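Under our numbering, the residues of the sequence shown are numbered 611 to 813, in order. One structure below.
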Amino acid sequence: MSIASSQAGEFPRTSVKPLIGVVEPFDGECLMSVLARTAEKNVFTRVREMVESAGLQVLRPEFIPFTQVQAAPGLSKLLGVESGVIAGLMHPASDPERPVDKVNWYGTHLPRKFISIDRRFSPKSFASSPYIRAVWQVRPITFCPESMELLITQCPHCGAEVGWRVLHGFHVCATCGRSLRHTRPRENRVAPAVRCSGRGPSG
Ligand SMILES: [Zn+2]
């Protein structure tokens, strides 16, 4: 049974074997980041492998459909994190009759197309706290509110799309193997709107 085809109350919780390595979600962390960190801790190279090892399936490789709240109990058992916490990281359709229209983004209803499934990040913020902020998933937000860096999806070293694989670890580019922390993007620019306001980072 796939997450997509599961209906509320039908999720196969009993078939899910809890993982040994448990991570605690950070404030503001997105669900995929929690899953990727958990995958690394349990020596999986792909989030999909970890989820499917528990009998769960995903709609597409490397990304869990964040609207499928009925998957929260199963993910909770898998990850060892309270179901309410997992459900709080998901974003159900604002109108179940129109699931591809808008989603509930922490109480704000946003067009679903605004939510990126790419791994967008600010190298500077990632270096200070290595997790992916949920706010970085919102496409119209082009820069990190913490570092004021433009959000990027590519490795600063080799230019490959970073994605959600954890082949060499969550902090490392799956293509070239170099660290995504303590690095600067190739174009480490401050967003123009911020530069004009004089609120850019010091130094
Ligand atoms: Zn790379």
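Virtual Cβ for every residue (Gly too), placed ideally from N, Cα, C. Values in this document were obtained by computation on a predicted structure and should not be read as measured data.
Member of the options whose CA lies at the smallest distance from the CA of residue i
{"i": "F636", "options": "R743, F753, R722 and P766", "result": "R743"}
{"i": "D711", "options": "K723, H701, T718 and G773", "result": "K723"}
{"i": "G690", "options": "P740, L777, S789 and V626", "result": "V626"}
{"i": "W774", "options": "S738, T655, V632 and Y716", "result": "T655"}
{"i": "L699", "options": "P706, N714 and E707", "result": "N714"}
{"i": "S738", "options": "H701, T718 and R791", "result": "R791"}
{"i": "V679", "options": "H701, A664, V661 and E662", "result": "H701"}
Residues bridged to residue i [DSSP beta-bridge criterion]
{"i": "R743", "result": "E639"}
{"i": "N714", "result": "H719"}
{"i": "Q850", "result": "In the structure displayed, the chain extends from 611 to 813; residue 850 sits before or after that span and is not available."}
{"i": "S818", "result": "Nothing can be reported for residue 818: it is not among the residues displayed for the chain, which extend from 611 to 813."}
{"i": "R703", "result": "This sequence places Ala at residue 703; Arg is not what is there. Bridge partners of A703: V713."}
{"i": "F753", "result": "L760"}
{"i": "F731", "result": "I762"}
{"i": "V748", "result": "I725"}
Beta-carbon gap between residue i and residue j smaller than 8 Å
{"i": "S735", "j": "S704", "result": "no"}
{"i": "S789", "j": "C754", "result": "no"}
{"i": "P628", "j": "L688", "result": "yes"}
{"i": "S693", "j": "P706", "result": "no"}
{"i": "N652", "j": "M660", "result": "yes"}
{"i": "C783", "j": "V772", "result": "yes"}
{"i": "V644", "j": "V632", "result": "no"}
Close-in-space but distant-in-sequence residues of the same chain around residue i (CB under 6 Å, 5 per side omitted)
{"i": "C821", "result": "Only positions 611 to 813 of the chain appear in the structure, and residue 821 is not among them; the question remains open."}
{"i": "L685", "result": "I696"}
{"i": "F780", "result": "A646, R647 and E650"}
{"i": "I725", "result": "Q747"}
{"i": "R730", "result": "W746, L761 and T763"}
{"i": "R749", "result": "F724 and S726"}
Close Cβ partners of residue i (< 7 Å) along its chain, the five nearest in sequence each way excluded
{"i": "T785", "result": "C765, C768 and A770"}
{"i": "P709", "result": "T677 and A703"}
{"i": "G787", "result": "H778"}
Own chain residues within Cβ distance below 8 Å of residue i, not counting five before or after
{"i": "I751", "result": "V745 and L761"}
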